[in-house]
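Heads up, the thing below is written out as structure tokens.
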Amino acid sequence: MNLDTIQPVVLVGGKSRRFGRDKLREQLDGVTLVSRPIEALRAVFGPRVALVGECDAVVAALGDLAIPDPYPGVGPAGGILAALEHASGPVFVLSGDLPSISPDVVRAILDAAAGQPDALACLGYTDRPQPCIALYRRSAAGSIREAMNSGGGLRRAIDDRRCVLVPIDPAEAVNVNRPGDLPRPSPR
Numbered sequence: 385m386n387l388d389t390i391q392p393v394v395l396v397g398g399k400s401r402r403f404g405r406d407k408l409r410e411q412l413d414g415v416t417l418v419s420r421p422i423e424a425l426r427a428v429f430g431p432r433v434a435l436v437g438e439c440d441a442v443v444a445a446l447g448d449l450a451i452p453d454p455y456p457g458v459g460p461a462g463g464i465l466a467a468l469e470h471a472s473g474p475v476f477v478l479s480g481d482l483p484s485i486s487p488d489v490v491r492a493i494l495d496a497a498a499g500q501p502d503a504l505a506c507l508g509y510t511d512r513p514q515p516c517i518a519l520y521r522r523s524a525a526g527s528i529r530e531a532m533n534s535g536g537g538l539r540r541a542i543d544d545r546r547c548v549l550v551p552i553d554p555a556e557a558v559n560v561n562r563p564g565d566l567p568r569p570s571p572r
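Residue 443 in my numbering sits at position 59 of the sequence shown; the count goes up by one each step and never skips.
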């Protein structure tokens with residue numbers, strides 16, 4: 385796949401209700417939580433990572449560009465749809481709360497996508513699909529919009545027959561919802 389045609393994005397529009405404060409700004413080994421997925425994408429795509437969704441100025445400054453989310457409050461489907469509507473090609477999506485995601489996961493999904501040009505999406509897979517660790521082609525926008533408008537989520541939006549599931553290490557797919565979900569600091 386031509387990486388120049390893919391827009392890498394990090395979803396940052398969540399409200400962190402279960403966390404109790406802005407989780408994206410939490411420090412882990414001297415960097416913010418949201419820096420982890422940004423850096424995983426930069427390692428593959430270079431310095432052109434877009435942040436999608438409303439966030440504070442500290443988080444916004446970490447991205448290379450911003451894509452407004454005209455669908456606030458509907459979850460990640462709105463952010464992904466906003467990115468697809470903004471981009472001229474596929475988008476590679478990571479949620480902003482993935483402390484252990486690596487560039488290797490991004491590359492594995494890209495490799496799988498290259499071999500499946502008709503797939504709407506290529507999602508990381510642990511014990512279930514991971515719709516916020518995925519490459520979405522522009523052709524997925526209609527399905528996402530339809531699912532969103534009918535009150536459905538991302539998993540309903542992507543027809544399993546048109547989706548590629550890429551096995552990934554479950555530890556890399558762990559996201560942070562509560563303070564107790566944060567990884568322990570590395571020993572010094």
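Note that beta-carbon positions come from the ideal geometry of N, C-alpha and C, so glycine has one too.
Reference arginine 512, options Leu468, Pro563, Leu549, closest by Cα = Taking only the C-alpha atoms, the option nearest arginine 512 is Leu549.
What number of angstroms, rounded off, separates the C-alpha of isoleucine 451 from the C-alpha of isoleucine 542?
-> Just so you know, the alpha carbons of isoleucine 451 and isoleucine 542 end up roughly 22 Å apart.
Classify proline 460 as helix, strand or coil using the three-state DSSP reduction.
-> Look at proline 460 here: in three-state DSSP terms it is helix.
Residues near alanine 557 by beta carbon distance below 7 Å, same chain, minus five either side | Within the same chain, alanine 557 has close Cβ partners Gly508, Thr510, Gln514, Ile517.
Please confirm whether leucine 494 and methionine 385 have their CB atoms less than 9 Å apart.
-> Result yes, Cβ atoms of leucine 494 and methionine 385 sit closer than 9 Å.
Sequence ranges, alpha helix (DSSP H) only - wholly within the stretch 406-440, length at least 4 | List check, alpha helix (DSSP H) in window: 419-429.
Who pairs with cysteine 506 in a beta bridge, going by DSSP?
-> Under DSSP, cysteine 506 shares a beta bridge with Leu519, Val548.
Pick helix, strand or coil for leucine 478, following the three-state DSSP scheme.
-> DSSP places leucine 478 in strand when its eight states are reduced to three.
Assigned exposure category for asparagine 533 - 16 Cβ within 10 Å defines buried = Its Cβ having fewer than 16 others within 10 Å, asparagine 533 is exposed.
DSSP state of leucine 395 mapped onto helix, strand, coil = In this structure, leucine 395 counts as strand in the three-state DSSP scheme.
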